[in-house]
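Undergrad:
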Amino acid sequence: MKKYIMAFDAGTTSSRTILFNKNGDIVSSAQKEFIQYFPKPGYVEHDPKEIWSTQIGTAVEAMTKIGAVPEDIAAIGITNQRETTILWDKETGEPIYNAIVWQCRRTSSYCDELINKGYGEMFREKTGLVIDAYFSATKIKWILDHVDGAMEKAKKGEILFGTVDSWLIWKLTDKKVHVTDYSNASRTMLFNINTLKWDEEILNLLDIPKEILPDVRSNGEIYGYSSDKYLGGNIPIAAAIGDQQAALFGQGCFSEAETKNTYGTGAFLLMNIGDKPVKSKNGLVTTIAWGLDGKVNYALEGSIFVAGSAIQWLRDELRIIDSSEDSEYMALKVKDTNDCYVVPAFTGLGAPYWDQYARGTIVGLTRGTSKYHIIRATLESIALLSSDILKAMEEDCGFKLKSLKVDGGASNNDFLMQFQSDIINADVIRPKQVEATALGSARLAGLTVGFWKDIKEFNLKEGDKIFKPEISQEERKSKIDRWHKAVDYAKGWARD
Ligand code: ADP
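So for the sequence shown, our numbering puts the first residue at 5; every next one is plus one.
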């Protein structure tokens with residue numbers, strides 16, 4: 005009798021392994037950070053071998069902690085930092101360069117070149133993405149162009165490319181399986197989300213040989229089995245999915261208009277838009293949420309650069325709170341913000357404003373404004389920025405948001421969640437178990453091998469907290485109007 009599903013959560017700063025039981029509860033976990041390399045300003049790299057060794061290390065540790073043996077584990081599901089790019093030698097298994105991390109900006113000027121040559125629309129049509137250094141395509145090109153002999157070997161099929169999911173599967177199966185999944189493929193900027201194929205025209209334009217690319221598979225199927233070298237047995241590897249899409253699945257957003265927001269350092273919103281891609285008019289990206297049983301589900305994605313980090317700013321720069329958690333009771337010391345608005349546009353504004361010259365602003369200060377008002381206004385800004393993206397998503401796809409599922413560190417703030425519900429006039433649902441990302445990949449793997457029979461088993465759980473809207477439409481409208489006025493003051497500030 006199999007007892008557990010094992011989730012590999014291959015994050016940006018650490019590798020984690022979590023074991024879930026049949027009830028979806030965490031029964032064991034282990035985590036290990038790995039080194040972040042910053043070889044030049046704006047460059048970010050990881051050592052692929054360290055990603056692998058920490059991942060397999062935490063898997064062994066999580067099993068050992070509870071005395072689990074391979075026979076106890078029904079399947080492995082993988083979720084991973086997306087877009088991060090690894091190229092390795094097919095024969096030796098040695099990476100030919102460090103992993104270039106999603107945050108790395110080294111290919112920005114090449115991306116600008118592509119935009120200036122007018123390729124933006126073509127990429128948007130085919131890949132659903134906005135041309136950006138963030139995605140894998142230009143990172144692959146950079147490695148092929150900068151590592152001696154790489155292009156030649158790639159053309160001969162001696163080099164393989166993969167995002168972190170592919171790399172881990174290839175290592176875990178002892179070089180047998182070179183695959184990726186729809187969600188990760190859709191973040192490479194090489195994958196056509198309409199035809200569900202690697203796009204020849206884009207590959208030619210970027211001079212990337214097709215030979216290096218993995219096969220693209222569904223998000224729930226057995227890709228292969230773990231080699232018994234590593235975990236002492238052959239466990240089916242039965243799911244892979246990028247982290248944000250995994251959170252969408254883990255949060256149970258299985259049908260159209262269901263949406264999740266992860267409130268971490270930044271905030272990531274994804275809305276399930278069903279089986280047809282829509283093109284955003286508001287600069288959101290269209291991506292594949294998952295492909296299962298021959299059907300593909302799409303999502304609209306929007307992100308907020310500064311969310312929880314605005315609370316860190318209150319703590320570390322303004323020093324008006326001692327910890328992020330304190331922001332909640334401090335905000336509740338006043339009954340409103342006294343018409344004060346904080347726009348935390350520290351690095352510009354993303355969707356739907358797209359103003360890289362916007363900068364942080366506090367408006368509406370009076371002699372009576374206290375730190376409590378500013379703390380409250382900063383928390384409110386996270387919800388207001390999220391609300392702007394949700395509005396843009398509704399506009400793009402024509403659905404009305406039903407409810408918002410939330411996770412991430414700042415979702416523990418009850419004041420913020422209540423205000424979020426008030427502003428969007430919809431329920432905000434916070435699961436008791438906020439490990440949505442790992443749970444998403446575990447659920448997919450569990451469904452694949454029959455550990456769980458049906459998504460109906462994943463309904464709302466005891467302990468999930470629901471925040472319901474409590475303010476009047478008039479109050480809501482006034483708050484949003486004032487916010488938009490405040491955003492106008494923040495725009496364009498850094499333009500010469
Ligand atoms: P990440 O995965 O991006 O590292 P986490 O999900 O761990 O982020 O969340 C950490 C962020 O959430 C930090 O920016 C922190 O300031 C913020 N945060 C954590 N707890 C709270 C809280 N109770 N209220 C407001 N913000 C919080």
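Every residue gets a Cβ at the ideal spot worked out from N, C-alpha and C, and that includes glycine.
So, using beta-carbon positions, are I55 and I241 closer together than 8 Å?
TA: Position 51 of the sequence shown, counted from the start, is the residue given in the question as residue 55. Position 237 of the sequence shown, counted from the start, is the residue given in the question as residue 241. Cβ atoms of I55 and I241: not closer than 8 Å.
Undergrad: Considering only heavy atoms of the ligand ADP, does any lie closer than 7 Å to the CB of S331?
TA: Within the sequence shown, residue 331 is the residue found at index 327, counting from 1. Answer for S331: yes, Cβ within range of the ligand ADP.
Undergrad: Buried or exposed: which applies to N301, given that a residue is buried once 16 or more other Cβ atoms fall within 10 Å of its Cβ?
TA: Start at 1 with the first residue of the sequence shown, and residue 301 comes out as number 297. Buried, since its Cβ has 16 or more Cβ neighbours within 10 Å.
Undergrad: From D492, G161, D247, pick the residue whose C-alpha is nearest to that of R3; which is it?
TA: A query on residue 3 cannot be resolved here, the shown segment of the chain reaching from 5 to 500 and no further.
Undergrad: Between S327, A414, G496, N286, which lies nearest to K395 when the distance is taken from Cα to Cα?
TA: Counting from one through the sequence shown, the residue named residue 395 turns up at place 391. Checked all of S327, A414, G496, N286; the closest Cα to K395 is N286.
Undergrad: Note down, in chain order, each residue of its chain lying with its Cβ closer than 6 Å to the Cβ of T351, except the 5 sequence neighbours on either side.
TA: As a first step, residue 351 must be located in the sequence shown, where it is residue number 347. Correct list, in chain order: F309.
Undergrad: Given the structure, does S84 come close to the ligand ADP, in the sense that its CB is under 7 Å from one of the ligand's heavy atoms?
TA: For the purposes of this step, residue 84 is taken as residue 80 along the sequence shown, with counting starting at 1. First, the amino acid is wrong: residue 84 is Asn here, not Ser. Every heavy atom of the ligand ADP is 7 Å or more from the Cβ of N84, so no.
Undergrad: Would the stretch 329-347 count as touching the stretch 364-380 if we require 3 or more Cβ pairs under 8 Å?
TA: The answer is yes - the stretch 364-380 touches the stretch 329-347, with three or more Cβ pairs under 8 Å.
Undergrad: Taking F38 and S18 to be in contact with their CB atoms under 8 Å, please state how far apart those CB atoms are, rounded to whole angstroms.
TA: Along the sequence shown, one-based indexing puts residue 38 at 34. Along the sequence shown, one-based indexing puts residue 18 at 14. Confirmed, about 7 Å.
Undergrad: Below 8 Å on the Cβ atoms is my contact criterion, and I expect R20 with T62 to pass it. Report the Cβ-Cβ distance as a whole number of Å.
TA: As a working note, residue 20 is residue 16 in the sequence shown. As a working note, residue 62 is residue 58 in the sequence shown. Between T62 and R20 the Cβ distance is about 6 Å, and since that is below 8 Å, they are a contact.
Undergrad: Going by the C-beta, is G354 closer than 7 Å to any heavy atom of the ligand ADP?
TA: Position 350 of the sequence shown holds residue 354. Not so, every heavy atom of the ligand ADP lies at least 7 Å from the Cβ.
Undergrad: Using 8 Å for Cβ pairs, my map puts A449 next to D13. What's the rounded Cβ distance?
TA: Here residue 449 corresponds to residue number 445 of the sequence shown, with the count starting at 1. Here residue 13 corresponds to residue number 9 of the sequence shown, with the count starting at 1. Not a contact, Cβ separation roughly 12 Å.
Undergrad: When we look at the beta-carbon of T167 and count the other beta-carbons within 10 Å, is it buried (16 or more) or exposed?
TA: Within the sequence shown, numbered from 1, the residue matching residue 167 stands at position 163. The residue is buried, with at least 16 neighbouring Cβ atoms inside 10 Å.
Undergrad: Which of helix, strand or coil does DSSP assign to I325?
TA: What you label residue 325 is simply residue 321 of the sequence shown in a count that begins at 1. Here I325 sits in coil by DSSP.
Undergrad: Find out if the Cβ-Cβ distance for the pair E305, F403 is shorter than 8 Å.
TA: What you label residue 305 is simply residue 301 of the sequence shown in a count that begins at 1. What you label residue 403 is simply residue 399 of the sequence shown in a count that begins at 1. Taking 8 Å as the Cβ cut-off, E305 and F403 do not qualify as a contacting pair.
Undergrad: Counting only runs of 3+ residues fully inside the stretch 90-134, write out the beta strand (DSSP E) ranges in chain order.
TA: Taking only runs of at least 3 residues, the beta strand (DSSP E) segments lying wholly in the stretch 90-134 are 90-93.
Undergrad: Report buried or exposed for D232, applying the criterion of at least 16 other Cβ atoms within 10 angstroms of its Cβ.
TA: As a position in the sequence shown, residue 232 is number 228, starting the count at 1. It is exposed - the Cβ of D232 has fewer than 16 other Cβ atoms within 10 Å.
Undergrad: Using the rule of at least 16 other Cβ atoms within 10 Å of the residue's Cβ for burial, across every protein chain shown, is Y267 buried or exposed?
TA: Looking up residue 267 in the sequence shown gives position 263. Classification for Y267: buried.
Undergrad: What are the start and end residues of the beta strand (DSSP E) that includes L164?
TA: Walking along the sequence shown from the start, residue 164 turns up at place 160. L164 -> beta strand (DSSP E) spans 163-166.
Undergrad: Start and end of the alpha helix (DSSP H) containing A446?
TA: As a position in the sequence shown, residue 446 is number 442, starting the count at 1. Run containing A446: 440-452, per the alpha helix (DSSP H) assignment.
Undergrad: Identify, in the order they occur along the chain, each residue of the same chain with its Cβ nearer than 6 Å to the Cβ of M155, setting aside the five sequence neighbours on each side.
TA: On the sequence shown, residue 155 is found 151 positions in, with the first residue counted as 1. Excluding positions up to five away in sequence, the list reads L148.
Undergrad: Terminal residues of the continuous alpha helix (DSSP H) containing F423?
TA: Here residue 423 is taken as the residue at index 419 of the sequence shown, counted from 1. 418-428 is the extent of the alpha helix (DSSP H) around F423.
Undergrad: Taking the alpha-carbon positions, what's the Q40 to T16 distance?
TA: Counted from its first residue, the sequence shown places residue 40 at position 36. Counted from its first residue, the sequence shown places residue 16 at position 12. Between Q40 and T16, the C-alpha separation is close to 9 Å.
Undergrad: Taking the beta strand (DSSP E) that W146 falls in, what are its first and last residues?
TA: Locating residue 146 in the sequence shown gives position 142, where the first residue counts as 1. Unbroken run through W146 is the alpha helix (DSSP H), 140-150; no beta strand (DSSP E).
Undergrad: Among the candidates I324, I90, W358, whose CA atom is the shortest distance from the CA of V151?
TA: Translated into the one-based positions of the sequence shown, residue 151 becomes position 147. Residue I90 is the option with its Cα nearest to V151.
Undergrad: As an exercise, report each continuous beta strand (DSSP E) stretch of at least 3 residues that is fully enclosed by the stretch 186-233, in chain order.
TA: Runs found: 219-221, 224-229.
Undergrad: Leaving out five residues before and five after L389 in sequence, what residues of the same chain have Cβ atoms less than 6 Å from its Cβ?
TA: Locating residue 389 in the sequence shown gives position 385, where the first residue counts as 1. Closer than 6 Å at the Cβ level, and outside the excluded window around L389, lie I308.
Undergrad: Hey, does G402 have any beta-carbon neighbour from chain C nearer than 8 Å?
TA: Here there is only one protein chain, and chain C is not present.
Undergrad: Do you know whose CA, among D279, T291, E129, D93, lies nearest D297's CA?
TA: Within the sequence shown, residue 297 is the residue found at index 293, counting from 1. Ranking the options by Cα distance to D297, first place goes to D279.
Undergrad: Excluding five sequence neighbours on each side, which residues of the same chain lie with their C-beta closer than 6 Å to the C-beta of K6?
TA: Along the sequence shown, read from residue 1 onward, the residue named residue 6 stands at position 2. Here the set comprises A78.
Undergrad: Going along the chain, which residues of its own chain have a beta-carbon closer than 6 Å to the beta-carbon of H377, five neighbours each way excluded?
TA: Start at 1 with the first residue of the sequence shown, and residue 377 comes out as number 373. For H377, where only same-chain residues beyond five positions count, the Cβ hits under 6 Å are V338, T341, N342, C344.
Undergrad: Verify the contact flag: A414, CB atom, against every heavy atom of the ligand ADP, threshold strictly below 7 Å.
TA: One-based indexing of the sequence shown puts residue 414 at position 410. Yes, since a heavy atom of the ligand ADP falls inside the 7 Å radius drawn around the Cβ of A414.
Undergrad: With which residues is D178 paired in a DSSP beta bridge?
TA: Walking along the sequence shown from the start, residue 178 turns up at place 174. Note: D178 sits in no beta bridge, so no partner.
Undergrad: To the nearest angstrom, how far is the alpha carbon of D392 from that of Q437?
TA: Sequence index remark: in the sequence shown, residue 392 carries index 388 (1-based). Sequence index remark: in the sequence shown, residue 437 carries index 433 (1-based). Using only the alpha carbons, I get a separation of about 27 Å.
Undergrad: Counting only the same chain and skipping the five closest in sequence on each side, list residues whose C-beta sits under 6 Å from that of H182.
TA: As a working note, residue 182 is residue 178 in the sequence shown. Counting only Cβ-Cβ distances below 6 Å, and skipping sequence neighbours, we find L164, W174, P218.
Undergrad: Mind the definition here: the stretch 120-134 touches the stretch 194-206 only if three or more C-beta pairs lie below 8 Å; say whether that holds.
TA: These segments touch.
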